[in-house]
Every structure is written in structure tokens, then in C-alpha cells.
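Residue numbers (the numbering used here): 3 to 230.
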């Protein structure tokens, strides 16, 4: 099946299948018209992952927000807006959603639609800060990260979106590399890279032996066509 994947901006991705559209962590950037049943997800309340403007998107749209957004924002009631916590399952129209935890805030999410498994990590990553974290901090982070990744590996992830944050220095690709090794997604789309595409090319070049195909979005609204 042909699937269109578009890197919108930062951690925002749009995945269009034959019959549906999934939009996750949209903050800014150009969007298409939503002429198919659409699910919009915000994984947590950080301003680089959640923008209230998604509540105004028109079309056959349903919106799923992490529960921390409900706690922090006094949003008006909308019949097409739903909330979800980590480690939960929910059907929203034709979308089957299963959430996992984060090593930062909110949720990570696995979405199954049109026989395709899609995973968006949100801020789930191996957040090890070399010059700031104590050895104990690093051990706790590694433990928590490993726990979540090993829960996700039982899912058949074809399309994955995962942070590759250059601010982490020598740990920039540690999280995504471990994720690919354990979960083994078919396709990997990096995010949260702050415009630094060099680290993405380095990631791709150093992991050519993996079965996972790594894509590099060269700019905002960068589009990919894949076959699942």
C-alpha cells in the first residue's frame, strides 16, 4: 500500500494512508485539506508539541490529547476532542490507539489504521545530558527508557517517528539506535532534530546494515512516498 509521510516541523508528522490521515504533534507549518477521516494527536503539553490551533482544524477530524494537556489547559468542551493517559487503549473511529509512557512528559502512541502500524514517540527518548546528569540520573533514565521500549517491541511497527536531538552530544543517537535495535521498525522518520540534518545523515550512514530504512527530512513540509 502506498503511504504518504510528511515531516511538517520539529516533531510534527502527517501520515496519509489510502483512507485516513494521522497528524501528530503539529505546532506550525503548512497543512493540506483534511478530506479523509483524520485523527490528530498531541502527545503532551510542551509548546513544541502542542498548539491549541489544532482545535480549529476543519474537516472530518477527531482530536486525541494527552491527559496532561487537560490538566494544564482550560480548554473548552468539543465533541470531537478526547483525552488519554499512558498505557491505555482506545478506538477512535477506524483508528486503534495504544499509548505508552514517556521519559519526559505525556504519552508515546501506537496507531493502527488501514492495516499499518504507526508509532510516534512524542518525547520518549534516552534523555542523557552528559555535563548535567549524575551517574544515578543516567542509570534511572536508562532503566525507564528500556522499560518503555521493551513494551513497544511487541507491536508491529512499520512507520516510526523518533527523536534525534543534537543537544544530547555524544548521546544524540543512543535512544533511536536502541529503539531500532529492539523494536525493528520498517521505516524510521527522525524528529526533534532542531534543523540539524547532519546528525540525521550521520545516523543513516552509520546504520545502513539495519533492516530499518531511515529517511532524512531536509526541510519543513518534506514529503516521502513509501510502500508498506
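Think of the CB as a built atom: it goes at the ideal place given N, C-alpha and C, for glycine as much as any other residue.
Below 8 Å on the Cβ atoms is my guess for residue 111 versus residue 95; work out the distance and round it to an integer in Å. Incorrect: roughly 15 Å between the Cβ atoms, too far for contact.
If we ignore side chains and look at the alpha-carbon of each, how far apart do residue 131 and residue 175 end up? 13 Å
Could you tell me the alpha carbon to alpha carbon distance between residue 117 and residue 4, rounded to whole angstroms? 12 Å
How would you call residue 127, buried or exposed, if buried means at least 16 neighbouring beta carbons within 10 angstroms? A residue is called buried when at least 16 other Cβ atoms come within 10 angstroms of its Cβ; residue 127 meets this threshold and is buried.
Counted within 10 angstroms of its Cβ, other Cβ atoms place residue 49 as buried (16 or more) or exposed: exposed
Between residue 229 and residue 159, what straight-line distance do the alpha-carbon atoms span, to the nearest angstrom? 14 Å
According to the neighbour-count rule (16 or more other Cβ atoms, all chains shown, within 10 Å of its Cβ), is residue 13 buried or exposed? buried
Using 8 Å as the cut-off, can you tell me whether the segment 215-229 makes contact with the segment 179-190, which would need three or more C-beta pairs spanning the two stretches below that distance? yes
Taking its Cβ as the centre, do 16 or more other Cβ atoms sit within 10 Å of residue 108, making it buried, or is it exposed? buried
Does the pairing of the segment 137-152 with the segment 91-105 give three or more beta-carbon distances under 8 Å? yes
Taking Cβ to Cβ, would you say residue 63 is nearer than 8 Å to residue 36? yes
Taking the alpha-carbon positions, what's the residue 202 to residue 218 distance? 6 Å
Could you work out which residue in 163, 180, 27 and 19 is closest to residue 66 when comparing CA atoms only? 27
Taking 8 Å as the cut-off, decide whether the C-beta atoms of residue 121 and residue 151 are in contact. Contact flag unset, no.
Determine, using beta carbons only, whether residue 161 and residue 7 come nearer to each other than 8 Å. yes
Opposite residue 24 in the DSSP bridges: which residues? 17 and 41
Cα-Cα, which of 58, 59, 43 and 60 is closest to residue 52? 43
Three-way DSSP call (helix, strand, coil) for residue 68 in this model: strand
Measuring alpha carbon to alpha carbon, tell me which of 47, 31, 19 and 30 ends up nearest residue 41. 19
Heavy atom of the ligand PLP within 7 Å of residue 98 beta-carbon: Absence of the ligand PLP is noted for the structure shown, with no ligands found whatsoever.
Going by beta-carbon coordinates alone, are residue 223 and residue 70 separated by less than 8 Å? no
To the nearest angstrom, how far is it from the Cα of residue 38 to the Cα of residue 83? Spanning the two alpha carbons is a distance of roughly 17 Å.
By a C-beta neighbour count over all protein chains shown, 10 Å radius and 16 as the cutoff for buried, is residue 138 buried or exposed? exposed
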